[in-house]
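Read the sequence shown against numbering that gives the first Met the number 0 and you will find it ends at 185, with the numbers running on by one and no gaps. Using N, Cα and C, we set each Cβ at its ideal position, and we do this for glycine too. Note that the coordinates shown come from a computational prediction; the quantities given were computed from them, not determined experimentally. Working notes for the structure below.
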Amino acid sequence: MKNKLFVMSAASGAGKTTLKDKVIGEFPDIVYSISATTRQPRAGEVDGVHYFFKTKEEFEKLIKEDGLIEWNEVHGNYYGTPKFFVEDMLRQGKRVLFDLDVFGKVNFDKVYPDATGILILPPSEEELERRLRGRGTDSEEVIQTRLHNAKKEMEFAKTKGKYEYTIVNDDLERAADELRAILRQK
């Protein structure tokens, strides 16, 4: 699976989605993994495109039937990587880019230990908070939860994670160039 599976991890607001959106279209052989979640869709999100939106019961059935490579509860919602999607993409000869939190990456590595890990860091905690507030999508309580979780996640990633690459997203163009260089590996 070396150079077939790429896992990006970052705290919410570090910019991994922006980076992914900026470069993935340049790589026709790479597909972005679609995760399953129990969280409610945000404005403009489409089932089967952005996420596979599931009820709690549907998600728990996937867990019970071993239908997920990894899963976790984050911010009060389930998130996971459906096996069927990844296996189908690999059969088609595609490479797959994943967006997993640092805890999901550890579980993912148990199934795919050769996956390439890419840790995306914000330039500072202050910038992370500014980005989260700038979204205008979350309540103060959610922002505080995300900031608290971000500190725990980044400490975990640095001490227990398996990341071959770290990108500090302080300049979008430079960070995008770094991501492109990683994805160009065959």
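Task: Val95 - partner residues in DSSP beta bridges - done: Leu4, Val30
Open item on the list: Starting from Ile23, trace the beta strand (DSSP E) in both directions and tell me its first and last residue.
Closed with: No beta strand (DSSP E) contains Ile23, which DSSP labels as neither H nor E.
Task: Host beta strand (DSSP E) of Glu69 (start-end) - done: 67 to 73
Task: Distance, Asp170 Cα to Leu18 Cα - done: 11 Å
Task: Extent of the continuous beta strand (DSSP E) to which Thr144 belongs - done: It is not in any beta strand (DSSP E) - Thr144 instead sits in the alpha helix (DSSP H) that spans 139 to 159.
Task: Inter-stretch contact at 8 Å, needing at least 3 Cβ pairs: the region 156 to 166 / the region 104 to 120 - done: yes
Task: Beta-carbon proximity check, Asn76 vs Thr37, cutoff 7 Å - done: yes
Task: C-beta atoms of Gly12 and Arg130 nearer than 7 Å - done: yes
Task: Member of Met88, Ala156, Glu57 whose CA lies at the smallest distance from the CA of Tyr31 - done: Met88
- [ ] Round the Cβ separation of Val95 and Val110 to the nearest angstrom and send it over; I've been treating them as touching at under 8 Å.
- [x] Rounded, the Cβ-Cβ distance is 13 Å, inconsistent with contact.
TODO: For the beta strand (DSSP E) holding Val85, just list the boundary residues, first then last.
DONE: Element bounds for Val85: not the beta strand (DSSP E) but the alpha helix (DSSP H), 82 to 90.
Open item on the list: Can you tell me whether Val45 is helix, strand or coil according to DSSP?
Closed with: coil
Open item on the list: My output table needs one value for Gly135: the three-state DSSP class, helix, strand or coil.
Closed with: coil
Task: Rounded distance between the beta-carbons of Lys104 and Val6, thought under 8 Å - done: 5 Å
- [ ] Could you tell me which of Asn2, His49, Gly14, Thr80 sits nearest to Pro257, measuring between CA atoms?
- [x] Examination of residue 257 is not possible in this model, given that the chain is present from 0 through 185 alone.
- [ ] Classify Arg183 as buried or exposed, calling it buried when 16 or more other Cβ atoms lie within 10 Å of its own Cβ.
- [x] exposed
Task: For Glu69 and Leu99, believed in contact at Cβ under 8 Å, the rounded distance - done: 7 Å
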